[in-house]
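In what follows, a single structure is set out as structure tokens and then discussed.
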Amino acid sequence: MPLHFNTVTPLLRTILEDLMQAEEFDSFRLVGGTALSLYYGHRMSADIDLFSDADYGSLDFKAIDDYLRAHYFYVDSMDIRPVGMGKSYYVGRSAEESVKLDLYYTDEFIDTVQEYGSIRLASRSEIAAMKLDVVQRGGRKKDFWDIDMLRKDFSITQMFALHEQRYPYTHDRKLLIDQFTDFSDADEDFEPLCLRGRHWELIKLDMIELIAEL
Numbered sequence: 017m018p019l020h021f022n023t024v025t026p027l028l029r030t031i032l033e034d035l036m037q038a039e040e041f042d043s044f045r046l047v048g049g050t051a052l053s054l055y056y057g058h059r060m061s062a063d064i065d066l067f068s069d070a071d072y073g074s075l076d077f078k079a080i081d082d083y084l085r086a087h088y089f090y091v092d093s094m095d096i097r098p099v100g101m102g103k104s105y106y107v108g109r110s111a112e113e114s115v116k117l118d119l120y121y122t123d124e125f126i127d128t129v130q131e132y133g134s135i136r137l138a139s140r141s142e143i144a145a146m147k148l149d150v151v152q153r154g155g156r157k158k159d160f161w162d163i164d165m166l167r168k169d170f171s172i173t174q175m176f177a178l179h180e181q182r183y184p185y186t187h188d189r190k191l192l193i194d195q196f197t198d199f200s201d202a203d204e205d206f207e208p209l210c211l212r213g214r215h216w217e218l219i220k221l222d223m224i225e226l227i228a229e230l
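Read in our numbering, the sequence shown has 51 at position 35, and its numbers run on one by one without any break.
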């Protein structure tokens with residue numbers, strides 16, 4: 017099935033395709049909500065999250081920085097600290113026409129990379145584990161929206177198992193169950209631009225029903 021590029025702007029698509037063909041980004045793959053939007057076509061997404069499970073300290077962030085500044089008119093790095101776990105940028109034609117780009121180390125991937133032409137994505141299984149990790153720490157509306165789509169491919173039991181597989185040392189079943197129905201922070205969050213006619217109150221009901229299946 018082809019990717020749903022209608023969920024991202026033409027600028028984001030162009031930048032993503034450029035980065036995926038540059039050797040400086042060979043070890044990175046697209047993760048997060050943008051990857052899921054490309055898979056499912058359920059909501060608009062506005063940023064690029066690229067993660068690598070390369071050995072910590074092995075990525076050449078200077079070469080990455082040089083590439084970005086050589087290829088885009090506008091490059092703004094929000095990080096002035098040492099690289100650490102990664103780096104964030106805005107890249108594009110100008111401050112007004114730019115895309116947020118996150119480049120980070122991550123734990124070892126538990127599933128193989130998915131390739132669609134030049135674009136490398138984390139698998140749905142991988143992203144399901146990552147999304148549950150976000151929810152365990154306090155999910156936003158868009159995270160619950162994404163999990164609602166992941167229900168098409170995974171049961172809640174499978175999602176919990178994937179989270180435990182990817183994060184064996186921080187997986188907390190009780191906390192995760194509690195967080196699945198704690199919408200206190202998400203209620204105050206902005207609503208994503210949904211392309212499937214879904215609304216927040218329906219998403220919340222789906223989450224309550226989903227967690228009850230455990």
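Quick reminder that beta carbons are idealized off the backbone N, C-alpha and C, glycines included.
Using only CA atoms, which one of 111, 113, 58 and 126 lies nearest to residue 23?
The option with the nearest alpha carbon to residue 23 is 58.
Leaving out the 5 sequence neighbours to the left and right, which residues in its chain are closer than 6 Å to residue 69 when beta-carbon positions are compared?
Excluding positions up to five away in sequence, the list reads 122, 124 and 125.
Along the chain, where does the beta strand (DSSP E) containing residue 135 start, and where does it finish?
Secondary structure note for residue 135: its beta strand (DSSP E) is the uninterrupted segment 135–137.
Once you ignore the five residues that flank residue 171 on each side, which residues in its own chain have a CB closer than 8 Å to its CB?
If we look at residue 171 and ignore the five residues flanking it on each side, its Cβ neighbours are 229.
Per DSSP, what kind of secondary structure is residue 83 in: helix, strand or coil?
In the structure shown, residue 83 falls within a helical segment according to DSSP collapsed to helix, strand and coil.
Can you tell me whether residue 50 is buried or exposed? The criterion is at least 16 other CB atoms within 10 Å of its CB, across all chains shown.
Buried is the call here.
Between residue 109 and residue 91, what straight-line distance do the alpha-carbon atoms span, to the nearest angstrom?
If you take the alpha carbons of residue 109 and residue 91, they lie about 9 Å apart.
Residue 104, DSSP secondary structure in three states
The answer is strand: DSSP assigns residue 104 an E or B state.
Check residue 182 in the structure and name its three-state DSSP category.
The answer is helix: DSSP assigns residue 182 an H, G or I state.
I need the straight-line Cα distance from residue 52 to residue 162, nearest angstrom please.
Distance from the CA of residue 52 to the CA of residue 162, rounded to the nearest whole angstrom, comes to 7 Å.
Tell me where the alpha helix (DSSP H) around residue 195 begins and ends.
Unbroken alpha helix (DSSP H) run through residue 195: 189–196.
I'd like to check one pair, residue 191 with residue 152: are the Cβ atoms closer than 7 Å?
Their beta carbons are under 7 Å apart, which means residue 152 touches residue 191 by this criterion.
For residue 30, the nearest candidate out of 135, 120, 214 and 39 (CA to CA):
It is 135 whose Cα lies nearest to the Cα of residue 30.
Is residue 126 helix, strand or coil when you go by DSSP?
Per DSSP, reduced to three states, the secondary structure at residue 126 is coil, with no helix or strand assignment.
Where does residue 90 fall in DSSP's three states?
When secondary structure is reduced to three states using DSSP, residue 90 falls in the strand class.
Using DSSP's beta-bridge definition, name the partner residues of residue 115.
According to DSSP, which records beta bridges pairwise, residue 115 is partnered with 107.
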